[in-house]
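Comments concern the structure below.
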Amino acid sequence: MFRALEFALRPGGALVLAGRNGAGKTSLLRLMAGLLPPADGTLEWNAAPLDPDAHRARLRYVGHADALKAALTVRENLSFWSAFDGGGDVDAALAGFGLSAQAEAPARFLSAGQRRRTALARLLLAPRALWLLDEPGASLDAAGTETLSRAIEAHRAKGGMVVLSAHGTPPLAGYDTLDIDALSMSTS
Amino acid sequence: MSAFAALLRRDLRLTLRNGGDALMVVAFFIVAGALFPFGVGAEPAVLARIAPGLVWVMALLSVLLSLDRLFQSDYEDGSLDQILLSPQPLTLAVAAKIAAHWLVTAVPLMIAAPVLALLLSLDPALLPPLLLGMLLGTPTLAILGAIGAALSLGARRGGVLLSLLVLPLYIPVLVFGAGAVAAAAAGEPFQAPLMALGAFLLAALALGPWAAAASLRQAAQ
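Sequence lines, in order, name chains A and B.
Take any residue in the first sequence, count from 1 to its spot, add 469: that is its number in the working numbering.
Take any residue in the second sequence, count from 1 to its spot, add 84: that is its number in the working numbering.
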């Protein structure tokens with residue numbers, strides 16, 4: 470799908486993946502998450518080959534699918550991920566993405582934007598060093614995008630890293646862009 | 085362990101909220117089993133003779149019927165990716181899903197089995213070996229089924245593929261499950277077939293979750 474791709478990310482860094490539809494942004498994110506094995510080449514963490522178990526404990530991945538159960542309420546969905554996956558304050562995460570009012574609503578009644586917020590609220594559970602976000606701004610309104618960009622800034626201020634794919638302007642300031650079509654890096 | 089409990093609780097709660105699914109499996113078990121007297125005739129002696137095998141075959145098919153949704157919804161809504169990416173051991177998550185599946189399908193089947201057995205004129209004295217056999221055999225069915233469900237995940241017409249993968253593996257459980265009842269009917273001790281079922285269960289417990297977990301990782305690629 471792509472070859473000769475080389476990039477590095479520093480603490481507090483942000484990398485935006487750009488490219489046409491089908492360029493491989495999602496595949497690259499899944500590869501970085503460890504869901505896909507690379508056909509060739511290596512992924513490294515602190516200049517050492519990636520240990521899959523340790524890697525899983527330091528990343529959060531928000532893909533296209535929201536990983537919500539329609540029959541459970543917003544709070545139940547988030548509480549499950551908190552209990553299953555390392556803990557974290559569910560109420561704070563709900564409040565962080567402006568979902569406190571919808572907390573007791575079954576996820577089947579949410580709008581696309583609210584579903585997205587609920588998926589993103591997982592980021593605010595127990596902190597992880599690396600966020601991998603696949604078009605996180607999709608279906609978010611202006612206020613939601615603002616919330617997301619504040620969450621990313623707070624994460625980066627604590628030394629966290631973020632890789633996200635985006636069409637158009639990504640919701641953050643000061644980032645590197647990796648254009649998969651052109652295989653080029655740029656900083657903005 | 086808290087991850088195991090969290091996933092088990094979530095799956096049980098989801099089944100309770102979508103209550104129809106579990107009831108449908110039990111209804112299939114009873115209704116399909118009750119067709120046999122119409123097919124083979126209502127002769128009690130004939131029915132009583134074939135009842136143990138029929139109840140077991142219907143139990144296998146009912147478990148099979150419910151298997152395709154074991155991982156499918158998690159696969160479709162992205163939850164499976166999150167489960168795979170969690171630092172929790174995947175085998176533990178798979179074990180939790182199998183346990184939840186067994187509780188919501190096999191336990192209702194065991195409750196319904198005496199009804200079907202009596203409809204088929206099985207001697208009530210043979211219910212203990214039937215139910216003990218189901219208690220030991222159905223977890224094996226759920227574990228083997230989970231391997232098949234994980235292998236056929238994402239495949240076109242996965243349900244048919246799943247049946248072809250899993251049904252041959254169910255034969256030993258069927259043989260010894262029905263064999264225990266047949267032994268009891270002949271007045272012989274039925275401990276040996278039950279012990280064989282127990283042995284299958286231990287082997288399935290030891291190997292099944294690992295095999296299913298490996299297949300799930302493959303399916304997510």
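Here a beta-carbon is modelled for each residue, glycine too, at the ideal position from N, C-alpha and C.
query                                                                                                                                                                 : result
Could you spell out where the alpha helix (DSSP H) holding S205/B opens and where it closes?                                                                          : Counting along the chain, S205/B falls outside any alpha helix (DSSP H), and DSSP gives it neither H nor E.
Report the residues of the segment 537 to 550 of chain A with a CB closer than 8 Å to any CB of chain B, ordered along the chain.                                     : L537, K538, A540, L541, E545, F549 and W550
Mind pulling the alpha helix (DSSP H) runs of 4 or more residues that sit fully within the segment 498 to 581 of chain A?                                             : 521 to 525, 543 to 553 and 559 to 565
DSSP three-state call for D158/B: helix, strand or coil?                                                                                                              : helix
Helix or strand or just coil, what does DSSP make of S608/A?                                                                                                          : coil
If the cut is a Cβ gap below 8 Å, which residues of chain B does A526/A touch?                                                                                        : P171
Quick one: is F566/A near chain B, going by C-beta distance under 8 Å?                                                                                                : no
Does L166/B come within less than 8 Å of chain A when only Cβ atoms are used?                                                                                         : The residue you asked about is not Leu; residue 166/B is Gln in the sequence shown. Answer yes: the Cβ-Cβ gap between Q166/B and chain A drops below 8 Å somewhere.
Looking only at its own chain, which residues have a Cβ that is under 8 Å from the Cβ of L258/B, when we skip the five neighbours before and after it?                : G137, W140, V141 and L144
At what residues does the alpha helix (DSSP H) containing L278/B begin and finish?                                                                                    : Q275 to A303
DSSP has M630/A in a bridge; who is on the other side?                                                                                                                : L599/A
Using a Cβ-Cβ distance cut-off of 8 Å, determine whether A552/A contacts chain B.                                                                                     : yes
Which residues in the same chain as Q172/B place their Cβ atom closer than 7 Å to its Cβ, once the five residues preceding and following it in sequence are excluded? : A87
Roughly how many angstroms separate the alpha carbons of V191/B and L220/B, rounded to a whole number?                                                                : 12 Å
For the segment 494 to 519 of chain A, which residues have a beta carbon sitting closer than 9 Å to at least one beta carbon of chain B?                              : R499, A502, G503, L504, L505 and P506
When the Cα atoms are used, what is the spatial distance from E573/A to G242/B?                                                                                       : 35 Å
Check this for me: beta carbons of L593/A and Q305/B, under 8 Å apart or not?                                                                                         : no
If you measure beta-carbon to beta-carbon, which residues of the segment 142 to 161 of chain B are closer than 9 Å to chain A?                                        : S157, D158, E160 and D161
Is it right to say H533/A is buried, meaning 16 or more other beta carbons lie within 10 angstroms of its own, or is it exposed?                                      : exposed
Going along chain A, which residues have a C-beta under 9 Å from Q305/B?                                                                                              : R499, L504, L505 and P506
Pick from A517/A, D509/A and G491/A: whose alpha carbon is nearest that of A477/A?                                                                                    : A517/A
Is there a Cβ of chain A sitting closer than 8 Å to that of L300/B, yes or no?                                                                                        : no
Compare the Cα-Cα distances from A297/B to each of A116/B, G162/B and I167/B and report the closest residue.                                                          : I167/B
How far does the beta strand (DSSP E) with L647/A in it extend, from its first residue to its last?                                                                   : D645 to D648
Start and end of the alpha helix (DSSP H) containing L225/B?                                                                                                          : L211 to L235
From what residue to what residue does the alpha helix (DSSP H) around A635/A run?                                                                                    : No alpha helix (DSSP H) contains A635/A, which DSSP labels as neither H nor E.
Just how far apart, CA to CA, sit R527/A and L599/A?                                                                                                                  : 6 Å
Any contact between the segment 247 to 267 of chain B and the segment 119 to 128 of chain B? By contact I mean 3 or more CB pairs, one from each, below 8 Å.          : no
Within the chosen definition, does the segment 474 to 494 of chain A reach the segment 627 to 643 of chain A through at least 3 CB pairs nearer than 8 Å?             : yes
So what does DSSP say about A132/B, is it helix, strand or coil?                                                                                                      : helix
Do you know whose CA, among Q275/B, G292/B, W186/B and P293/B, lies nearest P223/B's CA?                                                                              : W186/B
By how many angstroms is the C-alpha of S548/A removed from the C-alpha of L579/A?                                                                                    : 17 Å
Would V244/B be called buried (16 or more neighbouring beta carbons within 10 Å of its own) or exposed?                                                               : exposed
Using a Cβ cut-off of 7 Å, which residues of the segment 174 to 208 of chain B contact any Cβ in chain A, in chain order?                                             : none
Restricting to Cα atoms, I'd like to know which of G162/B, Q302/B, V188/B and L148/B is closest to T30/B.                                                             : In the structure displayed, chain B extends from 85 to 305; residue 30/B sits before or after that span and is not available.
Could you check the C-alpha separation between R101/B and A536/A for me, to the nearest Å?                                                                            : 18 Å
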